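Structure record follows, encoded as structure tokens.
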Amino acid sequence: MNDENLKYIRQGKTGCVFATIMARDPDKIGWKRIFNPTEITVPKNAYIVSYIFENKSMEEVKQWALDRGMYEDITSKNTTGLRYKGENGVSWVQYFGKESHVKTRQTPHSELLFCVKLPKKYYLKVGFKGVLHLAHASVEHIKEKSLDIIWESCFKRTKKILGYNPTVAEAAKTTYKNG
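Here this note's numbering is used: the first residue of the sequence shown is 3, the next is one more, and so on.
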């Protein structure tokens, strides 16, 4: 299977420099990529799970997720977050695809992406407690002195791609723009 979405992420188009680095070797951080799933499954050794839907629209993917137990959380007057409750807590689910309202998430195919458990070592500046956030990905293979540089680069690259400072609409907790 040709993983066009992973190629997009490797090219740095998401704005997240951590994602660009981690996309080089997803297995190293326990990132499991499942194509055209029929049910929600979380492989035992997964820390991050991606469900890639090659022929589904954003609305179809959203309905697929809701029908299988994911739920919505209002993040602002105009935005909604999709959530997954697993054995290790609540995950913020991000949607990537052609129809995404966020330029940095406009991958070739629809994809739901979320963290399912905390690794031994993750970047402490993430600062979200009580939720599983994609930024909780393992940073064991990244040198300590590089972490702050990468963190700052994420904000600069995202702003450059978007053309403005990110708002709640582009935040990790937001999956969809309403309406």
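The beta-carbon is built from N, C-alpha and C at its ideal position, and this holds for glycine as well.
Quick caveat, the model's predicted, so the values are computed rather than measured.
* To do: Jot down the residue ranges of each uninterrupted beta strand (DSSP E) in the segment 36 to 97, minimum 3 residues, whole runs only, in chain order.
  => 50 to 55, 73 to 76, 81 to 88, all fully within the segment 36 to 97.
*asked:* Between the alpha carbons of Ile152 and Lys145, how many angstroms are there, rounded?
replied: In this structure, the alpha-carbon of Ile152 lies about 10 Å from that of Lys145.
Original post:
Which residues in the same chain have their Cβ closer than 6 Å to the Cβ of His103, if we skip the five residues on either side of it in sequence?
Top reply: Excluding five sequence positions before and after His103, the CB atoms of its chain that fall closer than 6 Å to its own CB belong to Lys179, given in chain order.
(message) Taking the alpha carbon of Met60 as the reference point, which residue from Asn167, Ser148, Glu101 has its own alpha carbon closest?
(response) Distance from the Cα of Met60 is smallest, within the candidate group Asn167, Ser148, Glu101, for Glu101.
Here's a check: name, in chain order, each residue in its chain whose Cβ is nearer than 7 Å to the Cβ of Asn167, leaving out the five neighbours to either side. Cβ within range, chain order: Lys161.
Does the structure place the segment 41 to 60 close enough to the segment 85 to 101 that three or more beta carbon pairs sit under 8 Å?
Output reads yes: the segment 41 to 60 touches the segment 85 to 101.
- Task: Could you tell me which residues DSSP pairs with Leu164 in its beta bridges?
- Result: DSSP lists no partner for Leu164.
Any idea what DSSP makes of Leu149, helix, strand or coil? Of the three classes helix, strand and coil, the one that applies to Leu149 here is helix, per DSSP.
Practice task
Please classify Arg107: is it buried, with 16 or more other beta-carbons within 10 angstroms of its beta-carbon, or exposed?
Solution key: Burial state of Arg107 is buried, judged by a 10 Å Cβ sphere holding 16 or more other Cβ atoms.
Tell me the DSSP secondary structure of Cys18 in three-state form.
Of the three classes helix, strand and coil, the one that applies to Cys18 here is coil, per DSSP.
On the CB-based measure, 16 or more other CB atoms within 10 Å of its CB, does Leu114 come out buried or exposed? Counting C-beta atoms within 10 angstroms of its own C-beta, Leu114 has 16 or more neighbours from the protein chains shown and is therefore classed as buried.
Let me confirm a value: Gly17 is counted as buried when at least 16 other C-beta atoms fall within 10 Å, else exposed. Which label applies?
Classification for Gly17: buried.
Does the Cβ-Cβ distance between Ile54 and Arg26 come in under 8 Å? No, these two residues do not count as a Cβ contact at 8 Å.
Checklist line | Nearest-angstrom Cα separation, counted from Met72 out to Ser112 | finding: Cα-Cα distance, rounded: 16 Å.
Practice problem: Look at Cys117 and Ser78 and say whether their C-beta atoms are less than 8 Å apart. | Solution: Judged by beta-carbon spacing, Ser78 lies beyond the 8 Å limit of Cys117, meaning their Cβ atoms are not closer than that value.
- Query: To which residues does DSSP link Cys117 through a beta bridge?
  - Reply: Looking at the DSSP output, Cys117 sits in a beta bridge with Ile50.
With a CB to CB cut of under 6 Å and the five nearest residues on each side skipped, what residues in its chain are close to Ser52?
Around Ser52, the same chain offers Arg35, Glu113, Leu115 as residues with beta carbons nearer than 6 Å, after the five sequence neighbours per side are excluded.
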